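Worksheet: one structure, shown below.
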Amino acid sequence: MGYPLAGGAVMNVTERRSVKDPYRFAGIKWWAAKSVWGLMRDRDVLTYERMGVTVDADGEQWGYHTLQSTRRPEWPMEATPGMQRQHTATCYLYRPRRDINKTEIFMWGSIYKFGKYPDKVIYYGVATTWLNVVHCPKGGHAKKFSALMERADSHGWTPSSGIESEPEFLTTQTRSTITGSESASTGRSDSLIGDEQPADPFRPRISSSPTASFPVLGADRPLDRQSQLVLDW
17 MGYPLAGGAV MNVTERRSVK DPYRFAGIKW WAAKSVWGLM RDRDVLTYER MGVTVDADGE
77 QWGYHTLQST RRPEWPMEAT PGMQRQHTAT CYLYRPRRDI NKTEIFMWGS IYKFGKYPDK
137 VIYYGVATTW LNVVHCPKGG HAKKFSALME RADSHGWTPS SGIESEPEFL TTQTRSTITG
197 SESASTGRSD SLIGDEQPAD PFRPRISSSP TASFPVLGAD RPLDRQSQLV LDW
């Protein structure tokens, strides 16, 4: 997914996926990320997460993924030397568009506790984190491939042929607005996996500022030329 992860674990599970509900999850996760270029301290987060599928008043199916920072005495803050606990509240909504065979992604969130760092550094870090949603198709494929490999190992299957080339994944166009201050940053991002832009009344304001060369930290190349990022200073 493009994150410079230093570690992670599922600390608690209260709801699990099933055959009938394959996207269901509820529990507590912990993960840590390395500092980029040494500009900030390494960060970790402890979040209560829920995932699933719901149906709106119009009968339209949506996927959702929510993260809310939590505190637990068994996993105290600042327990790891050199690591600072980050606080976040984030929600992702996924709307499948069968008419164009694409999936729209909507996101709203806040990230707190950066310390006394320049605003530009904070905004850059937050934008990088949230814009990594463009990697979700690759992440989904990777999870499926991992599950297939695990099943193959359990059955003792052997590969009959090698992979000659890397699979092609859907491209993602991202539109976002990000606002923030010295200690907090909030933003909203709307993405559409595919060639069309989402026609949605809640789409944020977009300016024509090009960001084709905007580097996403952890990515192997800049964003797609059609991607746009707006920072409200």
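The number in this note's numbering is simply the position in the sequence shown, starting from 1, with 16 added. Heads up, the beta-carbon is just placed ideally off N, CA and C, and yes, glycines get one too. Since the model is a prediction, treat every value here as computed from it, not as a measurement.
CA-to-CA distance, residue j to residue i, given in whole angstroms
{"i": "Met27", "j": "Glu65", "result": "11 Å"}
{"i": "Pro89", "j": "Met123", "result": "30 Å"}
{"i": "Trp91", "j": "Thr104", "result": "16 Å"}
{"i": "Tyr39", "j": "Pro112", "result": "14 Å"}
{"i": "Ala168", "j": "Leu62", "result": "33 Å"}
{"i": "Leu233", "j": "Asp58", "result": "Its pLDDT being 36, under 50, Leu233 is placed unreliably in this model, and the value from its coordinates should be taken loosely. Their backbone Cα atoms lie some 15 Å apart in a straight line."}
{"i": "Ala143", "j": "Ala73", "result": "32 Å"}
{"i": "Leu21", "j": "Gln100", "result": "14 Å"}
{"i": "Gly141", "j": "Gly172", "result": "44 Å"}
{"i": "Gly93", "j": "Gln84", "result": "Strictly speaking, residue 93 in this sequence is Met, with Gly absent from that position. Cα to Cα, Met93 sits roughly 15 Å from Gln84."}
{"i": "Val149", "j": "Gly155", "result": "10 Å"}
{"i": "Ala163", "j": "Arg33", "result": "14 Å"}
{"i": "Gln146", "j": "Met165", "result": "It should be pointed out that residue 146 corresponds to Trp in this sequence rather than to Gln. Using only the alpha carbons, I get a separation of about 29 Å."}
{"i": "Phe161", "j": "Ile138", "result": "35 Å"}
{"i": "Thr82", "j": "Ser170", "result": "33 Å"}
{"i": "Lys50", "j": "Thr119", "result": "30 Å"}
{"i": "Gln77", "j": "Thr174", "result": "38 Å"}
{"i": "Thr187", "j": "Cys107", "result": "Caution applies to Thr187, whose pLDDT of 37 falls short of 50 and renders its modelled position unreliable; the model cannot decide the point."}
{"i": "Thr30", "j": "Phe41", "result": "8 Å"}
{"i": "Ala158", "j": "Tyr128", "result": "30 Å"}
{"i": "Thr70", "j": "Asp37", "result": "11 Å"}
{"i": "Val35", "j": "Asn117", "result": "23 Å"}
{"i": "Asp115", "j": "Trp46", "result": "37 Å"}
{"i": "Phe185", "j": "Gly98", "result": "For Phe185, the predicted structure reports a pLDDT of 36, less than 50, and the residue's modelled location is therefore unreliable. A value from the coordinates is still provided. The straight-line gap from Cα to Cα measures roughly 37 Å."}
{"i": "Arg221", "j": "Pro153", "result": "Its pLDDT being 35, under 50, Arg221 is placed unreliably in this model, and the value from its coordinates should be taken loosely. Their Cα atoms are separated by approximately 25 Å."}
N-terminal and C-terminal residue of the alpha helix (DSSP H) that residue i is part of
{"i": "Arg167", "result": "152-171"}
{"i": "Asp60", "result": "From DSSP, Asp60 is part of no alpha helix (DSSP H) but of the beta strand (DSSP E) over 58-71."}
N-terminal and C-terminal residue of the beta strand (DSSP E) that residue i is part of
{"i": "Gly79", "result": "77-85"}
{"i": "Val26", "result": "21-31"}
{"i": "Lys136", "result": "Counting along the chain, Lys136 falls outside any beta strand (DSSP E), though it belongs to the alpha helix (DSSP H) covering 135-147."}
{"i": "Thr106", "result": "103-113"}
{"i": "Thr119", "result": "118-128"}
{"i": "Trp46", "result": "41-49"}
Residue i CB to nearest heavy atom of the ligand ADP below 6 Å
{"i": "Asp115", "result": "No copy of the ligand ADP occurs in the structure displayed, which carries no ligand at all."}
Whole-number beta carbon distance between residue j and residue i, since they are thought to touch under 8 Å
{"i": "Ala48", "j": "Gly75", "result": "In fact, because the Cβ distance is near 41 Å, the residues do not count as touching under 8 Å."}
{"i": "Gln102", "j": "Asp60", "result": "7 Å"}
{"i": "Tyr110", "j": "Gly68", "result": "Actually they are not in contact, since the Cβ atoms of Tyr110 and Gly68 sit about 11 Å apart, beyond 8 Å."}
{"i": "Thr96", "j": "Ile44", "result": "That belief does not hold up - the Cβ atoms of Thr96 and Ile44 are roughly 17 Å apart, past 8 Å."}
Beta carbon proximity, residue i to chain D, threshold 7 Å
{"i": "Ala48", "result": "The structure shown contains no chain D; it holds only a single protein chain."}
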